[in-house]
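Reading through the structure tokens given below for one structure.
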DNA sequence: TCTGGGGTCCTAGGACCC
DNA sequence: TCTGGGGTCCTAGGACCC
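In my numbering, the protein residues as written are 515 to 933.
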């Protein structure tokens with residue numbers, strides 16, 4: 515039988531932090547979002563305290579300090595590196611892998627029967643935990659949606675779970691629809707209004723009625739949960755990505771144009787570097803700046819976009835356009851709290867059509883400048899050199915006061931071991 | 001004082017056309 | 001009484017995910 519498996523790293527960001535802080539292994543640990551704003555990862559100890567996911571840090575500060583919780587600012591450099599170790603290990607063990615997020619991957623499981631599937635999952639779990647050191651949970655089923663549920667089910671138990679046929683049927687009566695992948699707050703409320711609470715309730719309903727009430731998404735859900743898989747495994751890698759976004763909230767709001775402009779410059783540098791790293795060029799640029807989401811200024815947000823005459827990845831050209839766009843909507847009355855850029859409409863840099871009237875000598879020089887530019891920044895850390903002002907610290911830069919070292923990707927921050 | 005950042009996909013509604 | 005109808009394309013916004 516051919517099953518779909520799901521690998522999920524438990525409390526991933528917390529586990530990454532613990533990897534280099536063994537003293538925190540059975541201690542409560544939490545990781546904060548950018549700007550140290552929200553809780554985005556919790557160890558089991560913190561979950562048991564009743565601290566919800568995504569809650570603003572300031573709301574639970576007292577609870578956290580009372581329980582002596584160790585908090586970290588998010589350290590994506592570290593998490594990305596650990597993630598790639600997990601994924602490459604998984605790739606050695608199974609034929610087909612789809613990286614779904616930084617801490618999850620779907621994969622194909624070819625096994626003679628369910629017992630063998632459980633065995634195989636155990637083997638994957640053991641290998642990853644031994645080689646990489648972060649705890650993982652695995653699920654397998656006929657469809658992605660059920661596999662996802664299976665991986666959650668034994669998270670605190672054996673860590674592996676296969677749900678096929680009768681085993682899955684047994685679950686449906688007690689599985690709340692709100693727990694199902696793809697059903698968020700809105701949809702689960704609408705389902706409740708129609709007296710649909712558990713998976714069994716939904717499966718007992720008439721499919722055409724479900725289609726009418728809940729559209730395409732409802733149909734897919736219905737099929738996935740009836741073991742009629744809709745979503746296939748597909749390599750959704752970075753080459754097929756459709757947009758690159760770089761945005762960030764400021765530490766404090768600002769009405770100054772120079773501050774917002776600095777932020778925009780920084781984000782253009784950041785997004786363009788990523789674009790080149792992927793070997794892509796873009797034809798779409800959007801610039802946005804918005805006030806605090808929770809203030810009276812909510813409706814005064816601005817954004818502007820443009821289509822570029824030819825596909826590019828040159829930071830300097832993007833900077834020019836970005837600042838023109840900012841000029842077009844910037845409003846000196848508004849206290850901006852967040853700014854960013856979005857790049858889109860990608861094409862491959864190798865096969866991209868050059869501008870019909872572009873001067874090829876200039877283009878070749880530009881390319882060499884950018885190669886050197888990227889090489890220097892890669893060697894000495896991001897944004898060591900920039901085109902014009904692109905300050906990564908200052909009035910707009912977010913707070914990251916509890917950051918851990920980049921243990922695995924920066925020579926200066928390697929952990930030292932004393933014998 | 002203090003509420004993330006980066007994505008994808010679907011839908012409804014308007015514009016336009018014949 | 002009776003206001004065409006149906007198709008396509010585009011876009012903004014919503015919902016969801018991690």
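All residues carry an ideal CB built from backbone N, CA and C; glycine is no exception. Since we're looking at a predicted model, the values are computed, not measured.
- Here residue 736 carries a helix assignment [DSSP, helix/strand/coil].
- Three or more beta-carbon pairs drawn from the stretch 575-592 and the stretch 528-541 are found closer than 8 angstroms, and the two stretches are therefore classed as touching.
- Look at residue 903 here: in three-state DSSP terms it is coil, with no helix or strand label.
- In the assembly as shown, residue 829 is a buried residue. Its beta-carbon has 16 or more other beta-carbons within 10 Å.
- Here residue 923 has 591, 592 and 595 as same chain residues with Cβ atoms under 8 angstroms from its own Cβ, once five neighbours each way along the sequence are excluded.
- Judged by DSSP in its simplified three-state form, residue 921 adopts coil rather than helix or strand.
- Residue 758 carries a strand assignment under DSSP once its states are collapsed to helix, strand and coil.
- The beta carbon of residue 901 sits closer than 7 angstroms to the beta carbons of 829, 830 and 833 from its chain, once the five residues preceding and following it are set aside; these are given in chain order.
- The Cβ atoms of residue 735 and residue 696 sit closer than 8 angstroms to each other.
- According to DSSP, residue 655 shares a beta bridge with 518 and 677.
- Taken in chain order, the complete alpha helix (DSSP H) segments of 4 or more residues contained in the stretch 787-864 are 829-843.
- As DSSP reads the structure, residue 624 sits in a beta bridge with 516.
- Sequence-distant Cβ neighbours of residue 624 in its own chain, meaning closer than 6 angstroms and more than five residues away, are 516.
- Residue environment: residue 682 is assigned as buried (16 or more neighbouring CB atoms within 10 Å of its CB, all protein chains considered).
- Beta-carbon to beta-carbon, residue 806 and residue 853 are separated by about 12 angstroms, too far to satisfy the 8 angstroms threshold.
- Boundaries of the beta strand (DSSP E) harbouring residue 556: 553-556, taken from the DSSP string.
- In this structure, the alpha-carbon of residue 844 lies about 21 angstroms from that of residue 912.
- If you look at residue 610, you'll find it isn't in any beta strand (DSSP E); DSSP assigns it neither H nor E.
- In the three-state scheme derived from DSSP, where H, G and I count as helix and E and B as strand, residue 536 is classed as helix.
- A buried status is given to residue 887, since no fewer than 16 other beta-carbon atoms sit within 10 Å of its beta-carbon.
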